[in-house]
Amino acid sequence: MQVNNAGVSGVIIEDSDLISTVFANRGVVPDEQGTKALTQTYELAEECLQINYYGTKITVQSLMPLLQLSDSPTIVNVSSTQGQLESFPKESWARGVLSDADNLTEEKMDEIVKKFLNDFKEGSLESNGWPRYIGAYIVSKAAVNGYTRILAKKNPSFCINSVCPGYVKTDITSNTGFLTVEEGAASPVSLVLSGLHCFPMALHLVSSITELMWLPFDFQ
Ligand SMILES: NC(=O)c1ccc[n+]([C@@H]2O[C@H](COP(=O)([O-])OP(=O)(O)OC[C@H]3O[C@@H](n4cnc5c(N)ncnc54)[C@H](OP(=O)(O)O)[C@@H]3O)[C@@H](O)[C@H]2O)c1
Numbered sequence: 005m006q007v008n009n010a011g012v013s014g015v016i017i018e019d020s021d022l023i024s025t026v027f028a029n030r031g032v033v034p035d036e037q038g039t040k041a042l043t044q045t046y047e048l049a050e051e052c053l054q055i056n057y058y059g060t061k062i063t064v065q066s067l068m069p070l071l072q073l074s075d076s077p078t079i080v081n082v083s084s085t086q087g088q089l090e091s092f093p094k095e096s097w098a099r100g101v102l103s104d105a106d107n108l109t110e111e112k113m114d115e116i117v118k119k120f121l122n123d124f125k126e127g128s129l130e131s132n133g134w135p136r137y138i139g140a141y142i143v144s145k146a147a148v149n150g151y152t153r154i155l156a157k158k159n160p161s162f163c164i165n166s167v168c169p170g171y172v173k174t175d176i177t178s179n180t181g182f183l184t185v186e187e188g189a190a191s192p193v194s195l196v197l198s199g200l201h202c203f204p205m206a207l208h209l210v211s212s213i214t215e216l217m218w219l220p221f222d223f224q
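When the letters of the sequence shown are read in order and numbered with our numbering, they come out as residues 5 to 224.
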């Protein structure tokens with residue numbers, strides 16, 4: 005069994021109260037408000053994509069030979085609801101590629117990541133339809149979700165999923181989350197122990213203190 009959990013936000017949180025308000029009022033307060041509370045740089049974005057997306061891929065590739073020896077090979081990629089398609093503007097190129105679930109490839113995921121970084125460098129993120137708020141994190145987790153689907157399709161005898169732990173009080177959120185670490189850990193652990201096998205698509209677990217609910221990752 006393999007759980008890919010390592011992750012960084014790609015930003016520096018400068019105003020924890022504002023970030024917390026944006027998260028607590030999602031759908032009411034626009035996410036873009038959060039940009040006022042953050043510092044985003046190219047270097048942080050690059051690091052975020054390296055760790056969250058390429059790190060997941062490299063770990064899976066490295067441990068695949070060991071997993072193949074297992075009677076119940078399981079991979080859980082810790083992702084985020086931020087990586088959902090709805091985080092991307094409707095007509096954006098990246099959303100178009102990511103929503104074509106049957107034709108996803110690793111090359112296409114890599115291309116999305118490279119194009120995001122190139123547009124960041126050239127100062128054309130907004131004009132090219134990338135999310136403005138925690139863009140690198142959103143792109144990294146969307147790419148992880150896409151990669152999870154590709155991996156699940158390629159390895160039908162494996163149990164491969166991605167999961168969101170919810171908004172948790174940890175370093176990555178500057179401890180602004182609503183859930184404790186134990187509550188946040190419940191989603192990945194439940195998924196590992198669930199015995200669910202080979203769903204045709206990645207799932208995520210929406211967690212709150214009182215309920216756990218399975219939703220397909222492309223429910224938006
Ligand atoms: N907290 C949330 O609200 C939330 C919401 C959605 C998704 N997630 C996801 O949940 C996962 C865990 O995050 P968390 O909330 O537990 O945040 P965290 O407390 O900041 O933990 C991040 C973990 O990633 C490790 N890490 C970072 N860069 C690494 C690298 N280059 N190599 C190896 N390990 C590295 C860190 O190791 P060190 O301690 O050694 O630095 C740490 O153990 C992440 O994938 C995150 O994106 C969290």
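Beta carbons: idealized from backbone N, C-alpha and C, even for Gly. Values in this document were obtained by computation on a predicted structure and should not be read as measured data.
#### Entry: Residues that VAL7 bridges to, as DSSP identifies them
VAL80
### Task
Could you tell me whether any non-hydrogen atom of ligand 1 is closer than 7 Å to the CB of ALA105?
no
### Query
Can you tell me where the beta strand (DSSP E) with SER166 in it begins and where it stops?
163 to 167
### Task
State buried or exposed for LEU89, treating a residue as buried only when at least 16 other CB atoms are found within 10 Å of its CB.
buried
### Rounded separation between GLY38 and PRO69 - CA only
42 Å
#### Entry: Entirely enclosed beta strand (DSSP E) segments - the segment 6 to 61, minimum 3 residues
6 to 8
### Integer Cβ distance of TYR57 from PHE124, believed to fall under 8 Å
Between PHE124 and TYR57 the Cβ distance is about 14 Å, and since that is not below 8 Å, they are no contact.
### Message
I want to check one thing, is the minimum distance from the CB of ILE176 to the heavy atoms of ligand 1 below 7 Å?
### Response
yes
### Task
Return yes when at least one heavy atom of ligand 1 lies under 7 Å from the C-beta of ILE16, else no.
no
### Message
Taking a contact to mean a Cβ-Cβ separation below 8 Å, would you say SER83 touches SER194 in this structure?
### Response
no
#### Entry: Range covered by the alpha helix (DSSP H) that runs through TRP97
97 to 103
### Message
For ligand 1, is there any heavy atom lying closer than 7 Å to the beta carbon of PRO169?
### Response
yes
### Message
Within 8 Å, do at least three Cβ pairs link the segment 20 to 35 to the segment 171 to 183?
### Response
yes
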